[in-house]
Amino acid sequence: MGLGLGLLLCGRAFAAPVETAPGLAIEQGQFVLDGKPLRIIAGDMHYTRVPREYWRARLKMAKAMGLNTITTYVFWNAHETVPGHYDFSGQNDIGEFVREARQEGLYVILRPGPYVCSEWDLGGLPAWLLKDRDTRIRSTDPKFMQPAQRWLHRLGQELAPLQYARGGNIIAVQVENEYGSFGKDNDAYLQQIRKDIVDSGFDASMLYTSDSAPEPGSLPGLPKVINFGVGHAREKLAKLQQWQPGGPYMVGEYWVGWFDHWGGPHYVIDAAKMANELAGMLKQGYSVSLYMFHGGTSFGWMSGANWDDDSYQPDVTSYDYDSPLDESGRPTPKYYALRKVIAEATGITPPPVPAAPATQAIADIKLDESLSLWDALPTPTASHELKTMEELGESYGDILYRKRIDIDASGTLHIDGLHDYALIYINGKRIGTLDRRLKQDSLAMKLAKGDTLDLLVQNDGRINFGEKLTHERKGILGAVSLQGKQLLDWQIHPLPFVEDENSAYARGPCRHAPCVYRATFNASVSGNADADTFLDTKGLGKGMIWLNGHPLGRFWNIGPQRTLYVPGAWLKPSGNQLVVLDLLTEGEPTLHTLKQPVLGTPKQAP
Numbered sequence: 006m007g008l009g010l011g012l013l014l015c016g017r018a019f020a021a022p023v024e025t026a027p028g029l030a031i032e033q034g035q036f037v038l039d040g041k042p043l044r045i046i047a048g049d050m051h052y053t054r055v056p057r058e059y060w061r062a063r064l065k066m067a068k069a070m071g072l073n074t075i076t077t078y079v080f081w082n083a084h085e086t087v088p089g090h091y092d093f094s095g096q097n098d099i100g101e102f103v104r105e106a107r108q109e110g111l112y113v114i115l116r117p118g119p120y121v122c123s124e125w126d127l128g129g130l131p132a133w134l135l136k137d138r139d140t141r142i143r144s145t146d147p148k149f150m151q152p153a154q155r156w157l158h159r160l161g162q163e164l165a166p167l168q169y170a171r172g173g174n175i176i177a178v179q180v181e182n183e184y185g186s187f188g189k190d191n192d193a194y195l196q197q198i199r200k201d202i203v204d205s206g207f208d209a210s211m212l213y214t215s216d217s218a219p220e221p222g223s224l225p226g227l228p229k230v231i232n233f234g235v236g237h238a239r240e241k242l243a244k245l246q247q248w249q250p251g252g253p254y255m256v257g258e259y260w261v262g263w264f265d266h267w268g269g270p271h272y273v274i275d276a277a278k279m280a281n282e283l284a285g286m287l288k289q290g291y292s293v294s295l296y297m298f299h300g301g302t303s304f305g306w307m308s309g310a311n312w313d314d315d316s317y318q319p320d321v322t323s324y325d326y327d328s329p330l331d332e333s334g335r336p337t338p339k340y341y342a343l344r345k346v347i348a349e350a351t352g353i354t355p356p357p358v359p360a361a362p363a364t365q366a367i368a369d370i371k372l373d374e375s376l377s378l379w380d381a382l383p384t385p386t387a388s389h390e391l392k393t394m395e396e397l398g399e400s401y402g403d404i405l406y407r408k409r410i411d412i413d414a415s416g417t418l419h420i421d422g423l424h425d426y427a428l429i430y431i432n433g434k435r436i437g438t439l440d441r442r443l444k445q446d447s448l449a450m451k452l453a454k455g456d457t458l459d460l461l462v463q464n465d466g467r468i469n470f471g472e473k474l475t476h477e478r479k480g481i482l483g484a485v486s487l488q489g490k491q492l493l494d495w496q497i498h499p500l501p502f503v504e505d506e507n508s509a510y511a512r513g514p515c516r517h518a519p520c521v522y523r524a525t526f527n528a529s530v531s532g533n534a535d536a537d538t539f540l541d542t543k544g545l546g547k548g549m550i551w552l553n554g555h556p557l558g559r560f561w562n563i564g565p566q567r568t569l570y571v572p573g574a575w576l577k578p579s580g581n582q583l584v585v586l587d588l589l590t591e592g593e594p595t596l597h598t599l600k601q602p603v604l605g606t607p608k609q610a611p
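All residue numbers for the sequence shown refer to the working numbering, where the first residue is 6 and numbers rise by one.
Set out below in structure tokens:
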């Protein structure tokens, strides 16, 4: 994630002819802007991971730490949830995010992908691209390239006028993302993406590529930046010098922390070690972009997954990342250590650090309204063979496969291609679970003629890095067999869990999980009703939570994350509505919020 060095591509006007000023360029191996040397000290912060109401406050914190640039990905799947329908409003108003950065005196480095990785579902690619099983994403396949081209052109309408050379603050634009870790499509794919970016109006900014792989995914004429974690500066910068003799030299992503997986530890990185290494890089004149300056939250269903050590590893909702600015936008000891290093390296005294607002704790949020999922199933689709979520037009949520058994049978039930977590029921009674993380795909059972077999599958996040993402459909990808015989003729219920105010909740406990709970509660009565807080999910099982229509994210009792960030801007003094989907827990749970997050026991990242 980073910034670029690169060739300034000018000469085309976007829409009507526009007067252009000198932009970011390279002279004698150094970045220059308006003819003056520029050392880029940047940090990643993603507009989708920060409530819009807090963008300005977070940008002020970036300026106060000494940054001169904000780097952001653009998440295609957040903007085009339905093919051909684009949303740049509200939380998706990236143009406003860029303009606010400019107002705070910050340049912007844009990373439009179309693939972005970032521990984000499918690396930011829309799930609907996978409806056709023959589509080859991140390739020159027209079934991928044509919608990607349309997307980039639509993005250009929003952001191309905001380039520095046209009076804005976007100084560099990345071409794709870490392609050296994915494809060897000679150069055809990257050449096409570069052309599409230029044709979309981004012809007045420096273009560059960014990689962490041993060999970069780049093109002749495109500058390169390198990505790596704390403790690896010496060998990685030597590699960059091999890639790009004579400079300029930039760390596109300096991983100041790390992300967490469900069932794993909460990773942290030593602040002193990182500050010392950064000080050394700045002393040598390198440009650096911190990944992440402020991680924020992968709200809703958007947390992704990795494939590592031959296993599926879904990411937690929090994207705190052990960043200098924590998940709720508060400065950490790492923030102050880096602020000191940057000030010493630049000789510039940054603005004062804004005061961090107070947090609140809310007690006794009683989930006293409930609805069993079994009482609210939508109309099914009949299918001889199984279909994935994407084939049925569903991107996120769960999917239920139901079959009426026509003969007595017993033995091992095997699921080929479980993505990702299945609850197995016979006549409405749960008899077991299967978890892709644990490589579980089989369960012994006994069925009688007339029984109803239900397989409820939850999508735990699509893989966002590496070749495996090309096959990352959800639900059941293959067949289900019993004693080696394929089971056919299913009723399939897509369950996208779009909140419905007309859902028929009843007072009292839920007796038949999965359950959907609802609670109404008031925020603090002490004058801090709009203060941030952290919802403690202790006592819940596995599922998703919404607050006043905002999707907070996934929870799972295997940890490490136990609390979900609740932005105070999304709270009301009274009448707040919390909706909880829990696959496992029955009864009438009572929840609380805390003043501090609980993200798990810290462990130093590798």
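Every residue gets a Cβ at the ideal spot worked out from N, C-alpha and C, and that includes glycine.
Values in this document were obtained by computation on a predicted structure and should not be read as measured data.
- Annotation: A509 is outside any beta strand (DSSP E) and is labelled neither H nor E by DSSP.
- Distance check between P131 and each of E124, P119, D139 places P119 closest, using alpha-carbon atoms only.
- For N311, there is no enclosing alpha helix (DSSP H); the enclosing beta strand (DSSP E) covers residues 310-313.
- Beta-bridge pairing by DSSP links K547 to W561.
- Linking F526 to I367 through their CA atoms gives a straight-line distance of about 9 angstroms.
- Per DSSP, P152 is one residue of the alpha helix (DSSP H) stretching across 147-164.
- Bridge pairing for M255: S292 [DSSP].
- Excluding sequence positions up to five before and after T351, its CB lies less than 6 angstroms from no other CB in the same chain.
- When DSSP states are grouped into helix, strand and coil, S415 belongs to the strand group.
- Between Y326 and F264, the beta carbon gap of about 6 angstroms places them in contact (Cβ cut-off 8 angstroms).
- At least 8 angstroms separates the beta-carbon of A177 from that of S217.
- Under the three-state reduction of DSSP output, P338 falls in the helix class.
- Straight across, the Cα-Cα distance linking A387 with W495 is about 6 angstroms.
- Counting the other Cβ atoms within 10 Å of the Cβ of T354 gives fewer than 16, which makes it exposed.
- At a Cβ-Cβ threshold of 8 angstroms, E85 and S303 do not count as neighbours.
- Residue environment for G398: exposed (fewer than 16 other C-beta atoms within 10 angstroms of its C-beta).
- Rounded to the nearest whole angstrom, the C-alpha separation of L227 and N311 is 28 angstroms.
- Classified as buried, S292 has 16 or more neighbouring CB atoms from the shown chains inside 10 Å of its CB.
- For R116, the enclosing beta strand (DSSP E) begins and ends at 112-116.
- Pairing D373 with A524 gives a Cβ-Cβ distance under 8 angstroms.
- P357 sits exposed, since fewer than 16 C-beta atoms from the chains shown fall within 10 Å of its C-beta.
- For A177, the uninterrupted beta strand (DSSP E) segment begins and ends at 175-179.
- Distance between V180 and G580, taken at the CA atoms: about 46 angstroms.
- Residue nearest to R409 within the set E395, D421, I431, D535 is I431 (criterion: CA-CA distance).
- Inside the stretch 369-397, DSSP marks whole beta strand (DSSP E) runs of 3 or more residues at positions 374-377, 386-388, from first to last along the chain.
- For N553, the secondary structure class from DSSP, reduced to helix, strand or coil, is coil.
- Linking T595 to A528 through their CA atoms gives a straight-line distance of about 15 angstroms.
- Taking the CA atoms as reference points, A414 sits about 19 angstroms from E390.
- Counting C-beta pairs with one atom in each stretch, the stretch 187-206 and the stretch 151-158 have three or more that are closer than 8 angstroms, which means they touch.
- Following the DSSP letters along the chain, one finds Q496 in no alpha helix (DSSP H) but inside the beta strand (DSSP E) bounded by residues 495-500.
- Within the model, the alpha-carbon separation for C122 versus G40 is close to 34 angstroms.
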